[in-house]
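Taking it in order: structure first as structure tokens, then the write-up.
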Amino acid sequence: MAVRPSRSARYLATGTGIAVWAAGIVWLAVALHPVDHYLVSYYLADYRFGFIRRGLAGELFGPGDDAAFFGRAGAARWAITALYLSALAAVAGAIVRTGRSERRIMLALLVPVLPFGVPFAVFSARPDLLGAAAVVALALGVGARPALSCAAYGLFTAVLAFMHDAIPLEFALGAVLAIYALARGLTAARRRRYAALAVLPGLAVAGLITAFTRRGVADRLCATTPHRPMRMMASFHDFQNFARTGRLPTRDFHDWACRSYLNTYQHSVLDEIHTVAARGAGQMVTSLTVGLIGLVACLAAVQFVAGVPIRDFLGEFRDRRAGAVLALALYLPIFVTAFDWIRWMLLIAFNVTVVFLLYVRGRPELDRPPPSRAAFVAIVCAFAALPLGLAPG
527 MAVRPSRSAR
537 YLATGTGIAV
547 WAAGIVWLAV
557 ALHPVDHYLV
567 SYYLADYRFG
577 FIRRGLAGEL
587 FGPGDDAAFF
597 GRAGAARWAI
607 TALYLSALAA
617 VAGAIVRTGR
627 SERRIMLALL
637 VPVLPFGVPF
647 AVFSARPDLL
657 GAAAVVALAL
667 GVGARPALSC
677 AAYGLFTAVL
687 AFMHDAIPLE
697 FALGAVLAIY
707 ALARGLTAAR
717 RRRYAALAVL
727 PGLAVAGLIT
737 AFTRRGVADR
747 LCATTPHRPM
757 RMMASFHDFQ
767 NFARTGRLPT
777 RDFHDWACRS
787 YLNTYQHSVL
797 DEIHTVAARG
807 AGQMVTSLTV
817 GLIGLVACLA
827 AVQFVAGVPI
837 RDFLGEFRDR
847 RAGAVLALAL
857 YLPIFVTAFD
867 WIRWMLLIAF
877 NVTVVFLLYV
887 RGRPELDRPP
897 PSRAAFVAIV
907 CAFAALPLGL
917 APG
């Protein structure tokens, strides 16, 4: 169904509003509530003191002289944001390339405001978002070239694991769902082979890193961490002051990083489990619930706009549940060793929703009359007004 000019103007206005909102999110991260102190800390560890997790990130962008470090790490932080947003734009573009119906335009406009959209890209620009971009590339290519797409994804995530060891676990779900739902005409045996080709290399590297990473190097890493005064929100007290005055305190990056990030390089896996347990059941259940709301909201919004029931998508896995369940189970080690459960749930939402979006793009329902336009605008405004993607930042 073609879009009438009057309605095209409305969608253009909606898109303009989303662009202004996205610019506001970037301004928030730059001028009002910067989180760069946390995001650049991922590049502090390198291999000078032995083989350690995330060492490749430090080798590529990490410590040199103080100014050089903050320049390189800051550029990497924003480059990851740009690459991830480009991946989401590719998903939106793939939807509208199959036709210009109103439902397709609505879906494309929905993508940036979803909980894993612009706020998540800006405030959670960790190296693992490179894995998210890889999942999008796999999902877009697996239908036409399954062998090449799966092999490239497997190789890329194996390398990325040296930058962030959780990447193979975080995005195996999206890879498996994409192979099972988007690669048509494959036999069950070929699906399993392609899934193994995509997932196992990264998992093997992640296992090697866990087994052989050197621990107890926090003090040595701290000694090489540069000093710089940075505005940061590092505690609930800071948040209270920020809410009251609109100002953030300035702290030495070196002191914050040594106290709040590099100390994890002293920890064993058991120590990390104890750290999660120490947060208490109340906090963890709350985080899980908030993240689950984000997941449900993503899927419900896509189902409403596309007119394709989620049960149709889930039906694609009726005789192949084992692979999807095993991929989802890879999140268990992440949940028990890291307490940012909202973030993990939003990554699950990303994995599932991106594949769902690409699954519905060829469905005939997208050419039918659209749902209530007022309801669509209300959904967009609700996601924009309650940017859950800010929470992990």
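Position in the sequence shown (from 1) plus 526 gives the number in this note's numbering.
Even for Gly, the Cβ is constructed at its ideal location relative to N, Cα and C.
For clarity, every value in this text was computed on a predicted model and none was experimentally measured.
Open item on the list: So, at 7 Å on beta carbons, what are the nonlocal neighbours of L554 in its own chain, with the 5 sequence-adjacent residues on each side left out?
Closed with: Non-local C-beta neighbours of L554 in its own chain, meaning closer than 7 Å and more than five positions away in sequence, are absent.
TODO: Inspect the CB distances between the segment 707-717 and the segment 837-848 and report whether three or more fall short of 8 Å.
DONE: The segment 707-717 and the segment 837-848 touch, with no fewer than 3 CB-CB distances between them shorter than 8 Å.
Open item on the list: By the three-class DSSP mapping on this structure, what secondary structure does D945 have?
Closed with: Because the chain is modelled from 527 through 919, residue 945 falls outside the range shown and cannot be assessed.
Task: Inter-residue Cα distance where the pair is D572 and A651 - done: Those two C-alpha atoms are separated by around 19 Å.
TODO: Return the Cβ separation of V661 and A701 in integer angstroms, given the expectation that the two are a contact with Cβ distance under 8 Å.
DONE: Taking C-beta atoms under 8 Å as the contact rule, V661 and A701 qualify, at a distance of about 6 Å.
- [ ] Quick one: give me the first and last residue of the alpha helix (DSSP H) that M921 is part of.
- [x] Limits of the chain in this structure are 527 at one end and 919 at the other, which puts residue 921 out of reach.
TODO: Name the residue from I860, A698, Y885 whose alpha carbon lies nearest to the alpha carbon of A707.
DONE: That would be Y885, whose Cα lies nearest to the Cα of A707.
- [ ] Find the nearest neighbour of I874 within the set S612, Q809, V822, A583, judged by alpha-carbon distance.
- [x] When each option's Cα is compared against that of I874, the closest is V822.
Task: Length of the line joining the Cα atoms of A659 and S675 - done: Linking A659 to S675 through their CA atoms gives a straight-line distance of about 13 Å.
Task: Distance, G833 Cα to F587 Cα - done: Their backbone Cα atoms lie some 45 Å apart in a straight line.
Open item on the list: For A602 and Y791, I'd like the C-alpha separation in whole angstroms.
Closed with: For A602 and Y791, the distance between alpha carbons rounds to 22 Å.
Open item on the list: Am I right that E628 and I860 are in contact with their C-beta atoms under 8 Å? What's the rounded C-beta distance?
Closed with: Between the beta-carbon of E628 and that of I860 there is about 39 Å, and that puts the pair past the 8 Å contact cut.
Open item on the list: For R773, which residues in the same chain have their Cβ closer than 8 Å to its Cβ, ignoring the five residues on either side in sequence?
Closed with: In the same chain as R773, and ignoring 5 residues on each side of it, the C-beta atoms closer than 8 Å to its own belong to N767, in chain order.
- [ ] May I ask which residues mark the beginning and end of the alpha helix (DSSP H) holding L729?
- [x] Unbroken alpha helix (DSSP H) run through L729: 714-738.
Open item on the list: Below 8 Å on the Cβ atoms is my contact criterion, and I expect F830 with P897 to pass it. Report the Cβ-Cβ distance as a whole number of Å.
Closed with: In this structure F830 is in contact with P897, their Cβ atoms being roughly 6 Å apart against a cut-off of 8 Å.
TODO: Report the residue from D691, A709, L609, A910 whose alpha carbon sits nearest the alpha carbon of L666.
DONE: Ranking the options by Cα distance to L666, first place goes to A709.
TODO: Quick one: using the 10 Å Cβ neighbour count with 16 as the cut-off for buried, is L858 buried or exposed?
DONE: Using a 10 angstroms sphere on the CB of L858, the tally of other CB atoms stays under 16, which defines it as exposed.
Open item on the list: Can you give me the C-alpha to C-alpha distance between T812 and W867, rounded to a whole angstrom?
Closed with: Near 9 Å, if we compare the C-alpha coordinates of W867 and T812.
Task: Nearest-angstrom Cα separation, counted from A663 out to V639 - done: V639 and A663: Cα-Cα distance of roughly 21 Å.
Open item on the list: Going by C-alpha to C-alpha distance, which of S567, L734, C748, R757 sits closest to A583?
Closed with: The shortest Cα separation from A583 among S567, L734, C748, R757 belongs to S567.
- [ ] Kindly give me the distance between the Cβ atoms of A599 and Y564, rounded to whole angstroms, as I take these residues to be in contact under 8 Å.
- [x] With 8 Å as the limit, A599 and Y564 do not qualify as a contact, their Cβ atoms being about 11 Å apart.
Task: Other residues of its chain near L814: CB distance less than 6 Å, five sequence neighbours each side excluded - done: Excluding residues within five positions, the ones whose Cβ falls inside 6 Å are W867.
TODO: Measure from the alpha carbon of T750 to the alpha carbon of each residue in T776, A783, V552, P645, then state which is nearest.
DONE: That would be A783, whose Cα lies nearest to the Cα of T750.
TODO: Confirm, please, whether the CB-CB distance from L655 to V637 is below 9 Å.
DONE: In this structure, L655 does not lie closer than 9 Å to V637 by Cβ.
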